[in-house]
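Residue numbers (this note's numbering): 696 to 822. All residues carry an ideal CB built from backbone N, CA and C; glycine is no exception. In this text the structure is predicted, and so the values were computed from the model without any measurement. Here the structure is laid out as structure tokens; the discussion comes afterwards.
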Amino acid sequence: MKEQTEVGKLKEGKYLLVEDEPCKILSISVSKPGKHGAAKARLDVMGIFDGVKRSIVQPVSAKVYAPIVERRNAQVISIAGNVVQMMDLEDFSNFEVTVTDDVVGRIEAGKETMYIYSMEKRKIDFL
696 MKEQTEVGKL
706 KEGKYLLVED
716 EPCKILSISV
726 SKPGKHGAAK
736 ARLDVMGIFD
746 GVKRSIVQPV
756 SAKVYAPIVE
766 RRNAQVISIA
776 GNVVQMMDLE
786 DFSNFEVTVT
796 DDVVGRIEAG
806 KETMYIYSME
816 KRKIDFL
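Below, the structure is given as structure tokens:
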């Protein structure tokens, strides 16, 4: 799910959809309007799920999409290699998440953990 917003209303720490990937805004710099043009905003963002840094330049009045990012709780059911099977504690749905080796060492079967859910993708979240 996503919603439409203006570039001028975005703030650092919020989320933006770039190349169909939900991204967190790291920094925003706005240039002054020129003699014949409008003010432009340069957004430095990082993908939530892929970790890729991106940079975009848009007019401040341009419309962009902001993804709806939810933090949810889940119980870890099992860990098999780098695949973690989890159950959402709200709707009791089961799903699998592929994680890195350092994340596998920080979670245990039977424990609760938070995960990020956006655009039909999931990622285990450690604050």
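Helix, strand or coil, according to DSSP, for residue i in the structure here?
i    : result
K697 : strand
V653 : There is no way to answer for residue 653, as the model of the chain reaches only from 696 to 822.
G746 : coil
V702 : helix
V755 : coil
D820 : strand
D715 : coil
D786 : coil
V799 : helix
S670 : Since the first residue shown for the chain is 696 and the last is 822, residue 670 is missing from the structure and cannot be characterised.
I887 : Here the chain has residues from 696 to 822 only, and residue 887 is not among them.
Could you say which of the options lies nearest to residue i if we only look at CA atoms?
i    : options                   : result
G703 : I774, A734 and V778       : A734
S750 : K727, Q699, L711 and I772 : L711
D797 : I819, M814 and L784       : I819
D783 : I811, F821 and E714       : I811
Could you give the distance in angstroms between the alpha-carbon of residue i and the alpha-carbon of residue j?
i    : j    : result
E803 : Y760 : 36 Å
T795 : D786 : 26 Å
T793 : V779 : 6 Å
V725 : C718 : 19 Å
D739 : G805 : 38 Å
E698 : K706 : 15 Å
I774 : M781 : 9 Å
V771 : E807 : 6 Å
P754 : R801 : 42 Å
V747 : L721 : 12 Å
F744 : K758 : 23 Å
F821 : I763 : 19 Å
Which whole-angstrom value is the C-beta distance of residue i and residue j, which I expect to be below 8 Å?
i    : j    : result
N777 : V799 : 6 Å
E701 : S756 : 6 Å
R766 : V752 : R766 to V752, Cβ: 30 Å. No contact.
Is any non-hydrogen atom of the ligand MG found closer than 7 Å to the C-beta of residue i, if you look at the structure I gave you?
i    : result
Q770 : Of ligands this structure carries none, so the ligand MG is not represented either.
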